[in-house]
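Sequential numbering from 835 applies to the sequence shown in our numbering.
All C-beta atoms in this analysis are idealised placements derived from N, C-alpha and C, irrespective of residue type, glycine included.
Accompanying notes for the structure given below.
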Amino acid sequence: MGWIDPTASCSACSRKQSPASTEEEKCKTARATIAELSCLNQNEKYNLEKENAPVVFIVSTTGDGEPPDNALQFVKRIKKKTLPNDHYKHLCYALLALGDTNYANFCNCGKTIERHLQELGAKQFYATGYADDGVGLEVVVDPWLEGLWKAIKAALSKMASDRTAPSKGDAGESPKETPDSYTPDVLLNLLSLGDHQNCESIKASVNTDSKYASAASSSASTTQTAVSDLRPASPAGSLGLASQSRGTASISTSAPETQTQDAGFPHLTLAGSLTCSLPPLSESSLNVPALPPPYLDVSLQDVGTMKQIVGQFNKETVHEVPIDRALQLTSGDSVKTALLLELDISAYPTMAYQPGDSFDVFCPNKATEVDGMLHRLGLQDQRNYHVHVSLKKDNKKKGAQVPSYIPQNISLLYLLTWCLEIRSVPKKAFLRALVEHTGDSVQRRRLQELCSKQGGADYNQYVRDPSLSVLELLTAFPSCQPPLSLLIEHLPKLQPRPYSAASSRLKHPGKLHFVFNVVEFPACSGRPAGRRGLCTGWLFDLINPGLVFPGKAECSGSLTLPKIHVSLRPNCSFRPPSDPLVPFIMVGPGTGVAPFIGFLQQRENERQENPEAVFGETWLFFGCRHRDRDYLFREELEGFVCSGTLSHLKVCFSRDDQEQEEGKEVAPSVSRPRYVQHNLLLNSQYVTEILLKQNGYLYVCGDAKNMAKDVNDTLIEMIKTELQVDQLEAMKTLAGLREQKRYLQDIWG
Ligand code: FAD
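Written as structure tokens, this is what we have:
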């Protein structure tokens, strides 16, 4: 299963007048309309059946274009065939769909919800936005949000006038709200939607039509398009954002080139870098996001020696298992290093996995980075102190909660080692918050640029694309001294990493195999030396002394390997067909071959146990760079062919040809297949026959960024040719296969 971004999908109904209270009287005088924000699974908080204010849906997608967990029930509800087609006739909606074009079913959940809303009579008041994480969500999200406020305003006006107009037959549906609730003065602050108490922040964005409103003056309430106009910092750095956010919105000063040089922060370079921008950005006014309100209090307490615990895992689902064997599958001169680990799961019958399942590996943050973070926060001497996290009494964040993944009674060291993803790429809201804790004006300006609308390209180039970590960023901006609470507010949970099972229990009872490439992040601006992926680097270090290399015999007295924590992640659809007669095709280049080794081991065992039985054809399309360096499981795959378990093995090598051509780039062609999709095309007749005429299955596993998309496009081409239909029809046919769960993906990016 692939995933895009497991964020909650939410709906926001913009309607309610803010409740009156002393502080909010000011808002009331401005006749505030604010937004209610609910997650789609909180159906006790909203009622679309009766909703008479504009509703905004923000929907992400997970897995194979599926709705995220917290949208599942909602999608199921609106799909019910028993609903009349005027069920949502009263509903006025806008929708922002979040997706990633690296995956085949772009924005699928958003599209599904929209289709059903429309089929049920809902009216769109603003064109749907389809934001693509493949190129940066903000490319669509920012302009979409800018237009949204005006659209809401217009929709509210229209709804109010519709209500005051003489009724034309819908007499039974009179709204419960008083007309006052529909006053078209929209007060919205994107980062605190529905924050009833946050009068200050609401006030700061009165009548703005942009989310980039944090530094707008509170006196800007009469301005129609107040945006924060942050110009380069003054030479003295005296007018920082903090003062601007309380004062005027527009500050004009000279560019950073005129500044005095700060130690450790070179800014007089010709080329742009993480810490230094070039014109026009360096001279541009900036629109920065609203400042997210701080909401956590963190205190550290010396409670004597705290017992150092490893991970606090759920004992029922997470098991500590020994690594039995570690093999390097690639040769030393391969670009990537692929490793196979064998785990001994015999002590845990609940880990009874099926081919196609994956499992989570729980890894800690790297000790040197935790140490670096402690030093950076100036908390190295308090590493063993007890951390107490609580909500700020006067916090302005709606629905604020102490993160559930921070257990009680933990030390600071534990928090940074096991709870927070300290490697995570800082989001723009985090950068915006860091500005407030940055002393140096040049550095502050650069952080403002990186989180600004104008600095989007720089953010992508220097932060997002190279996956810059928070620690790397803090090292590059030495005058930034965030409090620990800010890190806890902005760093996500340290997530376990999933891996596909690369074995069958029938062939390896009590064992579980998995295969992975050691991820390498090259050096970049802000990262002087390359580093490895968190989990794959950790596993590599763990097993390195006992690693067995290709061609070298395993010595019996090899080192004992450590234990790791894992839990099973069953995948109910990515399974071999239940009917053994049904033919199936597997597409798995590189480590994407992993689950298919499990499929084939299981099939081999079934064949051995039922020598008389008839089995459907099996095809495997595998690809790698070089036959001699990274052809994973070569012997085992050739063995499957010899035994008849695998009917067709189609392998291609993307770089072997190239070398023969002495470095000349050779255009990929169907006659000389370089990638799996070229081989699929060469075998188009058989593939389409299996899929379209024999009710067969096609499985794709591995790289989501390029391969899965290329395979998808190729399948569409093949269907077009085979069925003599146009693109749309071919896409529909493929979507049909997907719905029937005969075209299945298990992909990761
Ligand atoms: P991280 O430190 O988490 O870094 C990886 C992230 O950095 C990725 O988002 C990637 O896009 C990005 N990245 C990688 N290289 C660069 C670079 N050079 N520059 C910038 N960004 C970069 N992986 C396997 O190898 N084998 C499997 O069988 C397997 N099965 C999976 C099954 C599922 C259901 C899922 C969801 C994922 C699977 N993965 C598999 C992926 C795996 O879970 C990890 O994501 C992967 O091993 C990297 O983990 P890491 O902690 O080492 O890297």
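- If only complete runs of 3 or more residues are kept, the stretch 1306-1361 shows the beta strand (DSSP E) at 1331-1334, 1345-1351, in order along the chain.
- At a Cβ-Cβ threshold of 7 angstroms, Pro1128 and Ala1263 do not count as neighbours.
- Minimum Cα-Cα distance from Ile1524 among the listed residues Val1534, Gln1561, Arg1576, Val973 corresponds to Arg1576.
- A direct Cα-Cα distance of roughly 9 angstroms separates Leu929 from Phe959.
- In this model, Lys1149 and Tyr1239 are separated by some 15 angstroms (Cα to Cα).
- Among the bridge pairs identified by DSSP, Leu1532 is matched with Ile1419, Tyr1577.
- In the displayed model, Gly944 falls within a helix according to three-state DSSP.
- A distance below 8 angstroms between beta-carbons, with the five flanking residues on each side excluded, links Leu1376 to the following residues of its chain, in chain order: Ile1157, Leu1395, Pro1396, Ile1398.
- Contact between the stretch 1183-1193 and the stretch 1220-1239 is absent: fewer than 3 CB-CB pairs across the two stretches fall below 8 angstroms.
- Shown here, Val1259 sits in coil according to DSSP, grouped into three states, outside any helix or strand.
- When C-alpha distances from Ser872 are compared across Gly981, Lys984, Phe908, the shortest belongs to Phe908.
- When the beta-carbon positions are compared, Arg1403 and Asp1178 stay at least 7 angstroms from each other.
- His1460 carries a coil assignment under DSSP once its states are collapsed to helix, strand and coil.
- In this structure, Asn904 lies near Leu874, with their beta-carbon atoms less than 7 angstroms apart.
- For Val1236, there is no enclosing alpha helix (DSSP H), since its DSSP letter is neither H nor E.
- Take the alpha-carbon of Asp1167 and the one of Arg1463: they are about 7 angstroms apart.
- Taking 7 angstroms as the cut-off, the beta carbon of Met1552 is found closer than this to the beta carbon of Ser1518.
- One alpha carbon belongs to Phe1467, the other to Pro1410, and they sit about 19 angstroms apart.
- DSSP places Gln1519 in the helix class (H, G or I) of the three-state scheme.
- Under the Cβ criterion (8 angstroms, minimum of three pairs), the stretch 886-901 counts as touching the stretch 937-944.
- Under the DSSP definition of a beta bridge, Pro1156 partners with Lys1397.
- Between Gln1216 and Leu1246, the gap from beta carbon to beta carbon is short of 7 angstroms.
- Judged by DSSP secondary structure, Ser1275 falls within the alpha helix (DSSP H) whose first and last residues are 1275-1285.
- In this structure, Pro1429 lies near Ser1334, with their beta-carbon atoms less than 7 angstroms apart.
- Distances from the CA of Cys1369 to each of Ser1359, Ala1357, Val1349 were compared; the closest alpha carbon is that of Val1349.
- Annotation: Thr1452 to Gly1422 spans about 13 angstroms, alpha carbon to alpha carbon.
- Under DSSP, Thr896 takes part in a beta bridge, and its partners are Glu900.
- Contact between Val1427 and Tyr1531 does not hold, since the beta-carbon distance rounds to 17 angstroms and is not under 8 angstroms.
- Bridge partners of Arg1403 according to DSSP: Ser1192.
- Per DSSP, reduced to three states, the secondary structure at Tyr960 is coil, with no helix or strand assignment.
- One Cα belongs to Glu1323, the other to Lys1231, and the distance between them is close to 11 angstroms.
- Bounds of the alpha helix (DSSP H) holding Glu1438 are 1428-1443.
- Between the C-alpha atoms of Gly1289 and Glu980 there is a straight-line separation of about 17 angstroms.
- Closest in alpha carbon position to Asp1547, among Lys957, Thr1202, Gln1561, is Gln1561.
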